[in-house]
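Asker:
Number of protein chains: 2
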Amino acid sequence: MVPFYPEESKIYVAVDCIIFGFDNDGLKVLLYKRSFEPFKGKWSLMGGFVATYESIDDAARRVLYECSGLHDVFMEQIYAFGDVNRDPESRVVSIAYSALINIENYNNDLNKSMGASWWRINELPELIFDHRQMIEKALNRLRERCKNRPIGFELLPEKFTLPRLIKLYEEIYQKKIDKRNFRKKILSMNLLKRLDEKDKSTSKRGAFLYRFDKKKYNKLIEKGFHFEL
Amino acid sequence: MVPFYPEESKIYVAVDCIIFGFDNDGLKVLLYKRSFEPFKGKWSLMGGFVATYESIDDAARRVLYECSGLHDVFMEQIYAFGDVNRDPESRVVSIAYSALINIENYNNDLNKSMGASWWRINELPELIFDHRQMIEKALNRLRERCKNRPIGFELLPEKFTLPRLIKLYEEIYQKKIDKRNFRKKILSMNLLKRLDEKDKSTSKRGAFLYRFDKKKYNKLIEKGFHFEL
DNA sequence: CCAAAAGTGTTGACCGTACACCCATGA
DNA sequence: TCATGGGTGTACGGTCAACACTTTTGG
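Going down the list, the sequences are from chains Z and R.
Heads up: take any position in the first sequence, counting from 1, add 79, and you land on my numbering.
Heads up: take any position in the second sequence, counting from 1, add 79, and you land on my numbering.
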């Protein structure tokens, strides 16, 4: 309403990244140990200020790249957090973004240099500010997202077995899934192509490897679909 | 990551409100004619800067109050818009909020003094900045929201007829709804109490008035539910 | 008495869910 | 040969979608 821009009302805008990964142990987020005060030694999400020359989406991509070395990753804005005292140091509005990465592409050497480590989503440590809430919101969004998008694409390696895919969904929803029904449903979408290879790393018999059919995948997300468990 | 707060990266944070209302013509949003340059005379959402002493939620409530005189309204954060040049005047990150109001509570005299008017959601004028996108996102969220919450509560007057409720859903989803199936489904939730009154304003026979059962309503949103059309 | 909106049930198709046993293989 | 995880089919019940006629009453 006010036709001028009052200099004194400028404030800091930050982005914080909730980075999800999935490995043999389950679904995890990447957290960083703060190396400076306040809250030195506490765990936090990786974040950074939005510069005046970059969009908030670009800032989120930059932060993700700086801490993981990864480009071209599925990212999504989750929510803007703007309580007055969320950061006791200064007034900061922070916009949370989630990223889904294939944990095999992530260079775990970074963890030492950055003071980072992966935490299972149901065993999180104490976190600074409102970062716990950010993760909670990101998880809920992830659960919603699964209903409109075969999200496994992002979190799994190119080739994967059905038991792994089932495990992923079990982790996301934190509940047991009937494998027969799951197979029936996911295969009926004609989204997966079975390869002539087996992964024998988890059983003697071995499980067939599958790969997403990217054409079908793109068609599906275009015209929308629904995948409920 | 950076343990200091660089003064020069402070930017403006604004909120913009998508105010939804529902009347005999259908689902509408409240728009304002800009009275100052740039884009004088163009239509826009009502917005305002977030002050350093208020949370972003508070800012959204304040802006809504300033332009509508309404308190205690259902509001929800939609999305943060942060392209570098979205506002050509200055770098502004704007957080869109939607509000659902009962249009009967809104004082239409305000429209003259504020240069505001209601627009049907499928007949919107040209809008400044990214406000069109904001409305689009808010509409999509509204459609999602309907699945978890009997949203009619917010947009309808206390007493309403079933044909009105059906019309509301038809407007939100922009498609025809089978009235028999709709009645069956909504009544089976035991969420509505039929009154011994009829509204004869739209037909000779008259339609029964209903009212939400707030207790049932609260129980339902607590433990979650699903209402798909 | 007629126009216009309100109200009312049934059926078939499909989908989700529950559930238990055989298979392949390395050790 | 046995232990371990991988893979498979069916039957039932519930939910959703399609569909047309009767009721009321003011003008």
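The beta carbon of each residue, even a glycine, is placed where N, CA and C say it ideally should be.
CA-CA distance, residue 117(R) and residue 209(R)?
Answerer: Their Cα atoms are separated by approximately 15 Å.
Asker: Pick out the complete beta strand (DSSP E) segments inside the segment 104 to 131 of chain R, 3 residues or longer, and give them in chain order.
Answerer: Within the segment 104 to 131 of chain R, the complete beta strand (DSSP E) runs of at least 3 residues are 105 to 112 and 125 to 128.
Asker: Using a cut-off of 8 Å between C-beta atoms, extract the partners of residue 156(R) located in chain Z.
Answerer: By Cβ distance, chain Z contributes 158 and 159.
Asker: Tell me residue 139(Z)'s beta-bridge partners as DSSP assigns them.
Answerer: Beta-bridge pairing links residue 139(Z) to no other residue.
Asker: Quick one: which chain Z residues come within Cβ less than 9 Å of residue 88(R)?
Answerer: Simply 91, 92, 128, 129, 130 and 131.
Asker: Please state the DSSP three-state secondary structure of residue 155(R).
Answerer: Here residue 155(R) sits in strand by DSSP.
Asker: Using the Cα positions of residue 88(R) and residue 296(R), report the straight-line distance between them to the nearest angstrom.
Answerer: For residue 88(R) and residue 296(R), the distance between alpha carbons rounds to 45 Å.
Asker: Identify whether residue 73(Z) lies in helix, strand or coil by the three-state DSSP scheme.
Answerer: A question about residue 73(Z) goes unanswered here, because the residues of chain Z that appear run from 80 up to 308.
Asker: Within the same chain, show all residues whose beta-carbon is closer than 7 Å to that of residue 264(Z), passing over the 5 residues directly before and after it, in chain order.
Answerer: Closer than 7 Å at the Cβ level, and outside the excluded window around residue 264(Z), lies no residue.
Asker: Taking 7 Å as the cut-off, does the CB of residue 220(Z) come closer than this to any heavy atom belonging to the ligand FMN?
Answerer: Within the structure as shown, the ligand FMN is missing, as the structure has no ligands at all.
Asker: Counting Cβ pairs closer than 8 Å, one from the segment 200 to 220 of chain Z and one from the segment 154 to 162 of chain Z, do we hit at least three?
Answerer: Enough Cβ pairs lie closer than 8 Å, so yes.
Asker: So is residue 168(R) in contact with chain Z if we call contact Cβ pairs under 8 Å?
Answerer: Cβ-Cβ to chain Z under 8 Å: yes for residue 168(R).
Asker: Taking DSSP's pairing of strands, which residues face residue 240(Z) in a bridge?
Answerer: In the DSSP output, where bridge partners are listed per residue, residue 240(Z) has 288(Z).
Asker: So residue 72(R) is in the beta strand (DSSP E); what residue range does that whole segment cover?
Answerer: Nothing about residue 72(R) can be read from this structure; chain R reaches only from 80 to 308.
Asker: Does any C-beta atom of chain R lie closer than 8 Å to the C-beta of residue 151(Z)?
Answerer: It does not: the Cβ of residue 151(Z) has no partner Cβ on chain R nearer than 8 Å.
Asker: For a contact meaning CB atoms closer than 7 Å, what does residue 84(Z) contact in chain R?
Answerer: By Cβ distance, chain R contributes 91, 168 and 169.
Asker: Tell me which same chain residues have a C-beta within less than 8 Å of the C-beta of residue 86(Z), skipping the five on either side of it?
Answerer: Within the same chain, residue 86(Z) has no close Cβ partners at all.
Asker: Within 8 Å of any Cβ in chain R, is that where the Cβ of residue 108(Z) sits?
Answerer: Taking Cβ atoms only, chain R never reaches closer than 8 Å to residue 108(Z), which makes this a no.
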